[in-house]
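Working notes, beginning with the structure itself.
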């Protein structure tokens, strides 16, 4: 069974590019465009990995990350923060909150795919 | 006549009893049960004012001058009400500064000047020694009379009695022993001498009781009351002088007034009075009791003086018995030897109390203000091997007691023969009065300086020395008699009793007037014309500001320097002993809740504390020198100096100006603080702005890069996908360009480098053009965009491109937020009196009221969860507003949630010439 | 506070009062060779006024203490 990836971003063209990249590697996909949607899909879809943008409507990525980490049933869920906020304190905050990786936009597609694959291999 | 041995026995029993009382009180105090923490004991101890002069001399003076004996006791009564003002202040200062003598007080007030303290000590010793010797003389006289009384032979020749047969000599020795035992128990003289005070209070009771006893005996047993004595006295040849104050009576009005004034000062500033009232005071509340109790004591002491004097004059034929001895002679002549013995005890108590207290007070001055400064001059003294200086210090004080008492005894044997009790007493009073200007001025007038006090004291005491002791010396044959009659060097202006040609005053008044005249005069004039040093000034402020509401108020930290606890402790142990030091340190640590052992470097407060401890032992000036030897002083900072300058006398005139300045400064500071806060806020906004702009730049860049890489890595994509991805890349690149342009625009507007091109333009054209340009995105978003433009829109002046930018911005905003299902954006132009109004209305979700103002602020975006991701960079509206402002119009918004928003702006028809662009 | 200030004022007034009653010229009114119940007028005056001054002092100083009942409280405060 294919592993499940949730893409959370509100920027349509970025979603499109991520969708293409993940589909290419054969993952089962869901796309959320707002924070609330993201939470809903995390509960229902129970993805193995979340590609999570930080600046989102309703709820930001940090809050979603915190939510995931507060639930024992999601301990194995991987989270990659994907954001244009590249300041050092943002990165530190993200990792402190429990993200598994922090990738700043713009990203190199190969690196992104590599990171996702590495995480899902374990 | 009473046998020698009996008088001797009684005298020494009495003194032995005195020792016992003092010993008992001290022992009780050591167990923590103070005898002297009692206002009546305090008030009684002040009655050390009444000496043998009062006891014997008052009657003598009454016999010759009638009511002339009274002013000496009325003066203290008059000043007593003011003790709450004067004495309480002095007591508080003395306690706070650990002051132990009048010399220390003056020295401390005027910058802890060693010289001033020494000068006061010298004046005090010279002025008081005769007074002490007077007491010895009284003891000796009374003894002689008691043992040899025969009405017909009264001449007493002290010189013929060898000193080893003289009772007074042994009494003097005993008094010195007493003073040493009970007056120098502790080194810190600011610790109270419980035994001493109790004994003195006891003596005050004895002398009052015995005097009242003899008074009642004479008045009511020898005669039938006061009226009886007065009616008998009518037979006296010069009876009238006892009834009134007049030239005939021997006391004139000015003498009355001057002596009242003199005693009013003396009761506060005689060293022994100062010692009892100030140094030995345990509770300032006791002063209140003394205010009425002490005058009452004096009142009782004086009631029977005149009756006894009259009785004496009636009893003994003229000049057969010295009037100074009437109190003894009357009971003896009447055969009441026991009463005479009681009187003798009373006289002894009066004399001994004075000798003891005066000697102790003087010895403190001598050791702290004369010997100590000299010792400190010797460099080896401080660094000497002997670690324990407490013994040395005690020896100095004890030694000076012995020297003072013996000096007084010698003086009595050689000089005091010649004078009556009262005259010498008043000479001492006048000497003590010299301290008054420096003290009173010192505690109420900040401007008094060290030089002023010095000049006043020197001038006053020189005049005193010339007008009182000098003529006495001349009368005694030590100096040529011609000084009296022709003046010094034959200059008639320099006759002691008629100084500067002043006639018609008695010697005491003459001396008091002139010495005060020069003392006060020099004090004030020199003070005005000299500047106070920093230390002087801070002490002055301290003294004048007292009483403080709390201990620290108004106290400057006078030490700017560093030292360690160990060094100070070692130093203090040498001077005041280990036990005292440890106890004081413990108290300090407890009160300040600090652990002294952990302190690396002590603060100024601690150094001041150590200095005050030392002041109690060796005097203010010496303590300062000693502390300075171990404290590395640092210069005062400008801020501290300014703080002190604020208080200086010279600055007072500038104070108001300074205050005004400081208020202005305060205002400026507040404004600066506000501006700074605003700047910080702006800085934060700018930071956010940069972060936002970066974010906005990265987002399209991400898409561009991602799709470029996808296209690169997947050359086999189908054509549709390729086209789609490439169009996204183009669209996102455009977005990037737009953003960059906006940032640049804003930067230009902000820095006033925008290149405005003003032409005559038609707003209608501009609106149409803008709607046209937006049609593409409107269609994409399924929004209907239309303009409502009247036919004849007046031409306005403006920058065409910029106004199109404004319209584009507002319309695209409207499109962005219009209702997603059936979106509508309407642009309406209306023509008003002097301006056009352009409204851009959408039917979207609207803007909450609290956000309506915020959206125009630079760098701000609304982070409204209901509205979704903030659109754009947050710069569009800011730029729009700046452009409209340049066109002298206004931009505002009207909106309500779910009712859509209307952005409106105006463009006036005519530009004002003066640009209001900021 | 107010009571204390008033007491201080009263004491200053008493001081001035004393200065006047024990001084020329007021004293000169009684400076006569007259007897009052066998006692010379001036002698009587001086001691009577002296006593009055002391009585007034007691009144002013102890006034506060007369109101305040517990005496030990007063003693303890240094």
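Chains as they are written, first to last, in our numbering: chain A, 1 to 122; chain B, 1 to 918; chain C, 1 to 78.
In this text, a Cβ means the ideal position worked out from N, Cα and C, and glycines have one as well.
Which word fits residue 849 of chain B, buried or exposed, when buried means at least 16 other C-beta atoms lie within 10 angstroms of its C-beta? As a first step, residue 849 of chain B must be located in the second chain, where it is residue number 849. Under a 10 Å Cβ-count criterion, residue 849 of chain B is classified as exposed, with fewer than 16 other Cβ atoms of the shown protein chains found around its own Cβ.
For residue 45 of chain A and chain B, any beta-carbon pair shorter than 8 Å? Start at 1 with the first residue of the first chain, and residue 45 of chain A comes out as number 45. Cβ-Cβ to chain B under 8 Å: no for residue 45 of chain A.
With 8 Å set as the bound, which would you pick, yes or no: does the beta-carbon of residue 703 of chain B sit closer than that to a beta-carbon of chain A? Position 703 of the second chain, counted from the first residue, corresponds to residue 703 of chain B. Using a Cβ-Cβ cut-off of 8 Å, residue 703 of chain B counts as an interface residue toward chain A, since at least one Cβ of chain A sits closer than that to its own.
Three-state secondary structure assigned by DSSP to residue 101 of chain A: Translated into positions along the first chain, residue 101 of chain A becomes position 101. The three-state reading of DSSP puts residue 101 of chain A in strand, counting E and B together.
Per-residue burial, residue 148 of chain B [other beta carbons within 10 Å of its own, 16 or more giving buried]: To locate residue 148 of chain B, count along the second chain from 1; it is residue 148. Looking at its Cβ environment, which holds fewer than 16 other Cβ atoms inside 10 Å, residue 148 of chain B is exposed.
Check whether the stretch 513 to 526 of chain B and the stretch 425 to 440 of chain B are in contact - that is, three or more C-beta pairs closer than 8 Å. Contact between the stretch 513 to 526 of chain B and the stretch 425 to 440 of chain B is present, with at least three C-beta pairs closer than 8 Å.
How about residue 230 of chain B and residue 35 of chain C: are their beta carbons less than 8 Å apart? Against the second chain, residue 230 of chain B aligns to sequence position 230. Against the third chain, residue 35 of chain C aligns to sequence position 35. The answer is yes: Cβ separation under 8 Å.
To which residues does DSSP link residue 681 of chain B through a beta bridge? On the second chain, residue 681 of chain B is found 681 positions in, with the first residue counted as 1. Residue 681 of chain B is not bridged to any residue.
Using the beta-carbon count (16 or more within 10 Å), is residue 961 of chain B buried or exposed? Because residue 961 of chain B is not part of the residues shown, which for chain B are 1 to 918, the question remains open.
Between the Cα of residue 463 of chain B and the Cα atoms of B:55, B:496, B:176, which residue gives the shortest distance? Here residue 463 of chain B refers to the residue found at position 463 when the second chain is read from its first residue. Nearest option by C-alpha distance: B:496.
Where residue 593 of chain B falls: helix, strand or coil (DSSP): If you number the second chain from 1, residue 593 of chain B lands on position 593. DSSP, read as helix, strand or coil, puts residue 593 of chain B in coil.
Along the chain, which unbroken stretches of the alpha helix (DSSP H) at least 4 residues long are found entirely within the stretch 221 to 252 of chain B? Runs found: 226 to 233.
Please report the straight-line C-alpha distance between residue 253 of chain B and residue 13 of chain B, rounded to a whole angstrom. The residue you call residue 253 of chain B lines up with position 253 of the second chain. The residue you call residue 13 of chain B lines up with position 13 of the second chain. Rounded to whole angstroms, residue 253 of chain B to residue 13 of chain B spans 45 Å at the Cα level.
Of the listed residues B:334, B:876, B:240, nearest to residue 739 of chain B (C-alpha basis): Translated into the one-based positions of the second chain, residue 739 of chain B becomes position 739. The residue with the shortest Cα to Cα distance from residue 739 of chain B is B:876.
Enumerated in chain order, which unbroken segments of the beta strand (DSSP E) with a length of 3 residues or greater are wholly contained in the stretch 250 to 309 of chain B? Entirely contained in the stretch 250 to 309 of chain B, not one beta strand (DSSP E) run reaches 3 residues.
Output the distance between the C-alpha atoms of residue 943 of chain B and residue 376 of chain B, rounded to the nearest integer angstrom. The requested residue 943 of chain B is not part of the displayed model; chain B covers only 1 to 918.
Close Cβ partners of residue 483 of chain B (< 6 Å) along its chain, the five nearest in sequence each way excluded: Taking the first residue of the second chain as position 1, residue 483 of chain B is located at position 483. For residue 483 of chain B, where only same-chain residues beyond five positions count, the Cβ hits under 6 Å are 474.
On a Cα-Cα basis, can you pick out the residue from B:531, B:361, B:763, B:490 that is closest to residue 127 of chain B? Position 127 of the second chain, counted from the start, is the residue given in the question as residue 127 of chain B. Of the candidates B:531, B:361, B:763, B:490, the one whose C-alpha sits nearest the C-alpha of residue 127 of chain B is B:361.
Following the continuous beta strand (DSSP E) through residue 489 of chain B, name the residue where it begins and the one where it ends. Locating residue 489 of chain B in the second chain gives position 489, where the first residue counts as 1. No beta strand (DSSP E) contains residue 489 of chain B, which DSSP labels as neither H nor E.
Neighbour list for residue 732 of chain B in chain A, Cβ cutoff strictly below 8 Å: On the second chain, residue 732 of chain B is found 732 positions in, with the first residue counted as 1. Chain order gives the chain A residues near residue 732 of chain B as 13, where near means a beta carbon separation below 8 Å.
For the pair the stretch 96 to 109 of chain B and the stretch 616 to 626 of chain B, tell me if three or more CB-CB distances fall below 8 Å. Yes, they touch.
On the three-state DSSP scale, how would you describe residue 835 of chain B? Numbered from its first residue, the second chain carries residue 835 of chain B at position 835. Of the three classes helix, strand and coil, the one that applies to residue 835 of chain B here is strand, per DSSP.
Please state whether DSSP places residue 799 of chain B in a helix, a strand or coil. Numbered from 1 along the second chain, position 799 holds the residue referred to as residue 799 of chain B. If DSSP states are grouped into helix, strand and coil, residue 799 of chain B belongs with the strands.
Nearest-angstrom Cα distance between residue 75 of chain A and residue 710 of chain B? Walking along the first chain from the start, residue 75 of chain A turns up at place 75. Walking along the second chain from the start, residue 710 of chain B turns up at place 710. Looking at the two C-alpha atoms, the distance is approximately 32 Å.
Rounding to the nearest angstrom, what Cα-Cα distance links residue 244 of chain B and residue 342 of chain B in this structure? Translated into the one-based positions of the second chain, residue 244 of chain B becomes position 244. Translated into the one-based positions of the second chain, residue 342 of chain B becomes position 342. Between residue 244 of chain B and residue 342 of chain B, the C-alpha separation is close to 32 Å.
Where does residue 81 of chain A sit, in a helix, a strand or coil, going by DSSP? For the purposes of this step, residue 81 of chain A is identified with residue 81 of the first chain, where counting begins at 1. The three-state reading of DSSP puts residue 81 of chain A in strand, counting E and B together.
Start-end ranges of the alpha helix (DSSP H) lying completely within the stretch 738 to 815 of chain B, minimum 4 residues: Runs found: 763 to 780.
Can you tell me whether residue 6 of chain B is helix, strand or coil according to DSSP? In the second chain, the residue the question calls residue 6 of chain B occupies position 6. For residue 6 of chain B, the three-state secondary structure derived from DSSP is helix.
By DSSP's criteria, residue 35 of chain C is part of a beta bridge. Which residues make up the other side? Position 35 of the third chain, counted from the first residue, corresponds to residue 35 of chain C. Beta-bridge pairing links residue 35 of chain C to C:40.
Could you run through the stretch 290 to 312 of chain B and flag, in chain order, every residue whose CB is less than 7 Å away from some CB of chain C? Per Cβ criterion, the list reads 291, 292, 295, 296, 299, 303, 306.
Option nearest residue 57 of chain C by Cα separation, candidates B:258, B:296, B:358: Your numbering for residue 57 of chain C matches position 57 in the third chain. Measuring from the Cα of residue 57 of chain C, the nearest candidate turns out to be B:296.
Please state the DSSP three-state secondary structure of residue 68 of chain A. Mapped onto the first chain, residue 68 of chain A falls at position 68. In the structure shown, residue 68 of chain A sits in a helix (DSSP, three-state: H, G or I).
With distances taken Cα to Cα, identify the nearest neighbour of residue 86 of chain A among B:282, B:132, B:543, B:693. By 1-based counting over the first chain, the position of residue 86 of chain A is 86. Just measuring C-alpha positions, the residue of B:282, B:132, B:543, B:693 sitting nearest residue 86 of chain A is B:693.
Through-space distance from residue 102 of chain B to residue 167 of chain B, alpha-carbon basis: Here residue 167 of chain B corresponds to residue number 167 of the second chain, with the count starting at 1. Here residue 102 of chain B corresponds to residue number 102 of the second chain, with the count starting at 1. The straight-line gap from Cα to Cα measures roughly 32 Å.
Work out the CA separation of residue 266 of chain B and residue 554 of chain B for me, nearest whole Å. Looking up residue 554 of chain B in the second chain gives position 554. Looking up residue 266 of chain B in the second chain gives position 266. Annotation note: pLDDT 39 at residue 554 of chain B (below 50); position unreliable, coordinate value reported separately. Approximately 30 Å, taken between the alpha carbons.
Any C-beta of chain B under 8 Å from that of residue 109 of chain A: Taking the first chain and counting its residues from 1, the one referred to as residue 109 of chain A is at position 109. By this cut-off, residue 109 of chain A is an interface position.
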